[in-house]
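Chemist: So the protein sequences, as listed, match chains A and B.
Following our numbering, the numbering of the first sequence begins with 1 at its first residue and continues without gaps.
Following our numbering, the numbering of the second sequence begins with 152 at its first residue and continues without gaps.
Glycine included, every Cβ here is placed at the ideal spot set by N, Cα and C.
It should be emphasised that the depicted structure is a prediction, and the values quoted were computed from it without experimental measurement.
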Amino acid sequence: MSAETPTLIEITHAPIDLNALQRAITTPRDGAVVLFTGTVRGQTGELETVQLEYEAYTEMALAKLRQVAEEMRARFPLIHGIALVQRIGTMDVGEPTVAVAVSAGHRGDGAFEAARYGIDRLKQIVPIWKKEVRPDGSAWVEGDYMPTARD
Amino acid sequence: MRVKLFATLKEKAGAPEIVLQGAVSTVAEVRQRIAEQYPHLAALAARSIVAVNHQFAFDADPVRPEDEVALFPPVSGGAA
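#1: Scan the region 156-187 of chain B and note each continuous beta strand (DSSP E) run of 3 residues or more that stays entirely inside, going in chain order.
#2: Within 10 angstroms of its Cβ, does H80 of chain A collect 16 or more other Cβ (buried), or is it exposed?
#3: Rounded to whole angstroms, how far is the Cβ of V34 of chain A from the Cβ of A139 of chain A, which I believe are closer than 8 angstroms?
#4: Roughly how many whole angstroms lie between the Cα atoms of P120 of chain A and L18 of chain A?
#5: For T7 of chain A, which option in A:A24, A:Y117, A:G38 has the closest C-alpha, if you only look at C-alpha atoms?
#6: Is it buried or exposed for Y145 of chain A, if we count other Cβ within 10 angstroms and need 16 for buried?
#7: Chain A partners of T159 of chain B, CB-CB under 7 angstroms?
#8: Exposed or buried, what is E217 of chain B when buried is set at 16 or more other beta-carbons lying within 10 Å of its beta-carbon?
#9: Check P190 of chain B in the structure and name its three-state DSSP category.
#10: So if DSSP puts M91 of chain A in a beta bridge, which residue, or which two residues, is it bridged to?
#11: Whose CA, out of B:A158, B:Q206, B:F157, B:D212, lies closest to the CA of V181 of chain B?
#12: Could you spell out where the alpha helix (DSSP H) holding T177 of chain A opens and where it closes?
#13: For I11 of chain A, list the residues DSSP reports as bridge partners.
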């Protein structure tokens, strides 16, 4: 992990410590950090979710997270630090399940755009699946992105 | 050849991996062998993704005996 452009990639069972994440990717050159988290949504219209269970193909997920970070750097060359962290296991409503953080010298250096790209890309190519636990049973959530040879 | 399974496929198979009998040299053959040898997985497997050595793989791609092969549904991680 370069000190100037730190990259933190993690698949973890532990709760995501957002402050630690921010510290890990903030360098002395940074004046802006954008942090996105995805959380367990309890209500989707009329549907109630009690918990989400996340499963990963960990070795491949780590490789694909590294690829997402490389793509972020290629597209947004002014950003400095990147964190891509996915929590797996069972999580309750309101818990962060995934975090994407990007640091940069200034907020206009592409930090927002890079974080958005990172989470969108993660949802396409990182092999992680979630199962919704509802009051009346549970079901895997089906993704719809079919990768191509460029992914 | 062993094939790792995830999510719905793992649940349907009742195991985290299956073993394919006979030689397999392409991704298309992996899919074909699964359909033949694990017919209860065939419908799911047809709309699943194959990865070889942690990269997405497609029908014409080669598979060697030492490769790590996995089969899984389209991903659904990320933001809830």
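Modeler: Considering the structure as presented:
#1: 168-170
#2: buried
#3: Actually they are not in contact, since the Cβ atoms of V34 of chain A and A139 of chain A sit about 33 angstroms apart, beyond 8 angstroms.
#4: The identity of residue 120 of chain A in the sequence shown is Asp, whereas the question assumes Pro. Near 20 angstroms, if we compare the C-alpha coordinates of L18 of chain A and D120 of chain A.
#5: A:A24
#6: It is exposed - the Cβ of Y145 of chain A has fewer than 16 other Cβ atoms within 10 Å.
#7: W140
#8: Classification for E217 of chain B: exposed.
#9: helix
#10: A:L52
#11: B:D212
#12: Only positions 1 to 151 of chain A appear in this structure, which leaves residue 177 of chain A out of reach.
#13: A:Q86
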